[in-house]
Structure formats: C-alpha cells, structure tokens
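Each residue of the sequence shown is one higher than the one before, counting from 694 in the working numbering.
We put the CB at the ideal spot given by N, CA and C, even for glycine.
These figures come from a predicted structure and were not determined experimentally.
Structure, as structure tokens:
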Amino acid sequence: MEVLRTQDSRGPRSYRSFRTIKQTRSSIWTSALLVFALVASGCSASSGTGSASSPSKPSPSKSTPSTPNVSKISWRRCSGGECGSMKVGLRASDNPRAKGAKVINLELFRAKAAESSKRIGVLLINPGGPGGSGFDAARSLATALPATIRNHFDIVGWDPRGTGRSTHIQCGDRLDYLFNVDTAPDSATERRALERVSKRFAETCAKKSGDLLSNVSSFDTVRDMESIRSALHEKKINFLGYSYGTFLGALYARDYPKRVRSMVLDGAVDPSLSPEASLIEQAQGLGRSLKLFFNWCDSSNNCAIGARRASRGYEALRLAIDKRPLRLKNRVFGPTQFDLAVSSFLYSGEAGYEYLAAGLEELLNGDPATLLESADAYVGRSSSGNYDGSWSAFLAVNCLDGPSLGNEVELAAASNRAGIAAKDFGAASVGLGYPCAAWGAKALLGDAQPISAKNAPPIVIIGTRDDPITPVTWAEGLAAQLGNGHLVVAPGAQHTSYPSRDGCLDPIINSYFVRLRVPPDQAACPAPQVVIAKGFPVI
C-alpha cells in the first residue's frame, strides 16, 4: 500500500479552528473562504497544461454505485471528542487494503451523542468551501447545535481530500503574489499581470501536488462520504451541508439514495445554472447586500464614510485604493484585498455592518489594518505570511469540477460582462478564478447539470431571504430539481441560517432530524424583532 504524499510531506499542519476576524471592541464569525466559492468552478479550463494524470469523467448515476473498499477508522481521544484517521483509495479503483494501492489519508472528528440511550445515528457535517474544514466544523457544532441534536446524534466531520489535515493540495505557502494584482483589471497591463501570477500559481500546484491534483473533485469526495458511512458501520447517514456542502449532499443523495436517513442543505447551490449565470447572480447578491449596508449606514450615527450618502463615500474610497494601493511594510493593500475584506463582513449580514463601518473609517484615516486582517482570514493567511492551504484547495476542487468559462480571452470577455451585470463584485469574481485557465487537470463537467435525487427520502433545503452568497432563488431551484426537496425560507441577510436560536427555524429542522417530520414546502419564518449576531460561521 502506497500512501500518496505531495511534495510537502511534513504531515498535517496546524489547521486553525474556524477563523475569526478580531475587531477593537468585539469579534464576529466570518466565512473562511472566498465569497465567489461556487462561481470559480465556472473558471475551469477545458484543457490543462500540467502533468497530472487525467481523471475519469463522472456520469449521472441510474442506480446506486457500489460502496468503495474501505479501511478502518483509527480513533483517539482529542480536545472536544475523538479524532480519527482512515485511508481511502486515491482513485475509485484503488483498494486501500490492497498491497501497492495508492491511498490518501482522511482526518475526522467525532463527538458522540450526549445521551447514548437516545442515539439515532451519525450526523455528518460539511461546512462548504470547497476547502473548509469539516473537522473544525464538527468540533465547533458539537457545542453550538441545539441540545436535542447533540443528544440524539454523533456529530462527525472530516477534512475532505485535498484539504486541511487530510492529504492536502500543495501550491506553496506564500501566496501574496496572487492577491497583490488587481483581479478586476481595467488595463491591458493589469490583465497581463493577473494572467502571469495565475499561471504561476497553477504551475506550482501541478508540480507540488502531482496525481492528487486530478483526484480531488466533488465526485471523489462523495465517494469518500460513502466510505466514511461504511467505516462507521452505519446503514444510513444524516447530513448537514452548508453552501458548497449542499452540492455534495445533493450528489450523495443522487448516487446513494438508500443510504440517506435525513438531509438538510442550508445556503443551497443551484447546479443547473451555467457558470456565468451563477457567477453573475452571486456577485449581484453581494451587491444587494452592500446596498443594505449603505441603507444601515445612512441611518446610523456610527458610520463615517458618508452623511446620508454612504454609497458615494464607499465608491470614492474603493476608487482611491484601485488607483493607488497602499504600500505597507512587506504588504500591499489594494483593490483585491479591499473587495475580499468587504465581502467577508457582508457574509454576516447586519451583524457585520458595525465592524465593516469601523474598518472603512480606519481606512479613511490611512489605516487598513482591520480590513487587511479580514482579507487575510478570508484566504487563510497567517500573520507570518504563510497560507494554510484552504485557498489552494478551493481552487483545486473548483477548477477540476468545472464546467469551464474558457481560456484567458474568453475569461476577459466574461469579466467585462460580469462587471456590467454586477458592477461592485462581478469582474473581480471572474479574476479570482483565472488560475483555472492554466490548470494542470482537465475539468470533469462540460456543462452545468441539474441533480435529481427522487429516490432519496425527503430533503429539507434552507434558503435565507437576503443571503448575499447563495440567493434564495438557488434554494428554490435545487428544491425543485431534487424531486423530493422541501424548501424552508429563513429571514435575514446573512449567509446560511441554521442554527438560528429562534422559535421558528430551529424547531422545524430539529423535528425533521429527530422525528423525520417533513415541513410543508415553501414554509417561511418571520423576521425576528432583534437581529442577533450569529455565533457559528459557515462557508
């Protein structure tokens, strides 16, 4: 048995718990990865330039695939519960128990049901990304989920292949060069700079990651989910997926419908949309969220970027940074860092507005520290300048999954169209996916494909009314595609909603998980009287 090792074979690095953005007076949770998480999957190249081996192309399943050969999970005590390790085949054809097979390691976390006599089974968690740590998500949710869920289920999460503590993609630890260019270029010089650093990144990933690069697709991860179920000796799983994790859940329900007991998909992706449509709709959602921030700012006494005209103050500040980025000691704060920082605060809805306003006020005074820290946390950059690998994994999965937006010429055209359709974030969302045009592994999907899981049990999809990242229309679309989806609409302008600690959404979801009580389709929760800052971040 050969354990696949990338060029960096130092073993699992320290992977921080859910990243927080520390402010002068408080802290708020934010998402770990780029706001354009599902969009960059549309920036996958139709042909690669690297040396990684070609993967087999997935096809929709008409019957339940066989369970992969699996190894045992080795459990050990660790902070908050149990940590586990298991081996899975690099490819579907690799048997992890066979001599000479290529295998990779998966790292898991488990918190057993608080009341063993009431235990129903396993609740498998994926927080999204791609690139988000399911290990850290499960450890956080083991104390954050409602007590009735913790009493009835083992909470289990894992770092998907290519990420975190598991065998992970390697693209280099120093990635400042990738973000120091303008991802929304408005000149030929800026565009060439973006193309140059994107190609450098893609070539480094191919060189350092080898065969792993072409074996970290969402389809590979769904196969790993089935391996985890089998290794846990569970006949069926319960699944809670956020954002990109809803795509994994939908694929699993399609491929293994009889292995699902219950499934909740929060912040749903609509896989039937074309890459460009997804990109534009997501950027437009962020733009709507930014307008909500402006409305809040105009009516607030604590917003320094404009008296009743916050949008003008913001646009002037953004333009100034675009024309003349701030040069700091060993750092640059330019338009890309600005957009990443603003996006990160918008994830939290109204709970993030005060902190975004404070960061913009500091920037007006020449100090980008708060916004720069937010941008750094967004892409997994530590204060030492090292990146934790989440950004590399994010691009690796999206570039491999596809479908493609094309080559650099086609990307430039898409960037222009997106900039017109979504002026605040559209062009930048395309630019951040430029590495996919030079990716070292061919994209698997040629076209966007709807997902049907009509043979699975009823699935609950949560859409947040003003979600800035995954519009509620996407939740409606996925619910219709699945054939057995039941939509619940939650209030708010944050990305995802469960657990909400309110008297509406949580009881609906808890009752479904525990008692399999399916909510009526199109159920909607009213807006609360007071907006409470969320204590649990998802991607």
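Cα-Cα separation, residue i to residue j
i     : j     : result
G1196 : V1211 : 17 angstroms
Q716  : T1063 : For Q716, the predicted model reports a pLDDT of 28, less than 50, meaning its position is unreliable and no value from the coordinates is stated.
P1061 : F1026 : 7 angstroms
A1086 : A1131 : 16 angstroms
T723  : Q1187 : Confidence at T723 is low in this model, with a pLDDT of 34, below 50, so its placement is unreliable and the value that follows should be read with caution. Taking the straight line from one Cα to the other gives about 10 angstroms.
I1202 : P1143 : 25 angstroms
D787  : I1154 : 34 angstroms
I1152 : G980  : 30 angstroms
I973  : Y1127 : 16 angstroms
G1073 : Q1030 : 13 angstroms
A831  : G824  : 15 angstroms
N994  : Q1215 : 38 angstroms
A1013 : A1134 : 38 angstroms
N844  : L838  : 10 angstroms
T841  : V849  : 16 angstroms
L925  : S982  : 41 angstroms
S1067 : T860  : 27 angstroms
F802  : A1146 : 28 angstroms
Y640  : P1028 : Since the first residue of the chain shown is 694 and the last is 1232, residue 640 is not available in this structure.
K928  : A1115 : 46 angstroms
L1056 : V874  : 19 angstroms
V1207 : P1200 : 10 angstroms
A1106 : N798  : 40 angstroms
E1169 : L958  : 12 angstroms
P1018 : V953  : 50 angstroms
P964  : E883  : 32 angstroms
D904  : L868  : 22 angstroms
A1051 : L1180 : 36 angstroms
Where residue i falls: helix, strand or coil (DSSP)
i     : result
Y1205 : helix
G824  : coil
L972  : helix
T897  : helix
S911  : helix
W768  : strand
N1091 : helix
W989  : helix
S786  : coil
K892  : helix
Y949  : coil
W1132 : coil
G743  : Note that G743 scores 38 on pLDDT, short of 50, meaning its location in the model is unreliable; the coordinates nonetheless yield the value given after this. In the structure shown, G743 sits in coil (DSSP, three-state: anything other than H, G, I, E or B).
N1109 : helix
S724  : Unreliable placement is indicated for S724, whose pLDDT of 36 sits below 50; no coordinate value is reported for it.
I998  : coil
Expected contact under 8 angstroms - CB spacing of residue i and residue j to nearest Å
i     : j     : result
V1090 : S910  : 7 angstroms
L1198 : A1136 : Between A1136 and L1198 the Cβ distance is about 36 angstroms, and since that is not below 8 angstroms, they are no contact.
D847  : A804  : 7 angstroms
A1141 : L966  : 6 angstroms
L871  : P878  : The pair is not a contact, with the Cβ atoms about 14 angstroms apart (cut-off 8 angstroms).
L1053 : L1010 : 7 angstroms
P1164 : G942  : Not really, about 18 angstroms apart at Cβ, beyond 8 angstroms.
S1037 : Y1071 : 5 angstroms
G960  : T1166 : Actually they are not in contact, since the Cβ atoms of G960 and T1166 sit about 13 angstroms apart, beyond 8 angstroms.
L1209 : S955  : 6 angstroms
N1177 : A1149 : 6 angstroms
N908  : R1110 : 33 angstroms between Cβ atoms; not a contact.
S764  : M779  : 6 angstroms
Residue environment, residue i, which counts as buried when at least 16 other CB atoms sit within 10 Å
i     : result
C736  : Model confidence at C736 stands at a pLDDT of 36, short of 50, so the residue's coordinates are unreliable and nothing is read from them.
N931  : buried
N1023 : exposed
P1213 : exposed
P789  : buried
G855  : buried
L1065 : buried
E800  : buried
L1104 : buried
R885  : exposed
G1139 : exposed
I721  : For I721, the pLDDT reaches just 29, beneath the cut-off of 50, and the residue's location in the model is therefore unreliable, although a value from the coordinates is still provided. Per the 10 Å Cβ criterion, buried.
P853  : buried
A835  : buried
A1220 : exposed
C771  : exposed
**Study point:** Sufficient close CB pairs (3 or more, under 8 angstroms) joining the stretch 940-951 to the stretch 903-916
**Key:** Contact between the stretch 940-951 and the stretch 903-916 is present, because at least three Cβ pairs lie under 8 angstroms.
Practice item. Could you tell me whether the stretch 1150-1159 touches the stretch 1004-1013, where touching means 3 or more Cβ pairs closer than 8 angstroms? Key: no
Check your understanding: Given 8 angstroms as the limit, is there contact between the stretch 777-795 and the stretch 804-820, that is, 3 or more CB pairs closer than that?
Key -> no
Check your understanding: On the three-pair Cβ rule with 8 angstroms, is the stretch 956-975 touching the stretch 1097-1113?
Key -> Yes, the stretch 956-975 is in contact with the stretch 1097-1113.
Review point. Is there contact between the stretch 850-870 and the stretch 889-896, where contact requires at least three CB pairs shorter than 8 angstroms?
Key: Contact between the stretch 850-870 and the stretch 889-896 is present, because at least three Cβ pairs lie under 8 angstroms.
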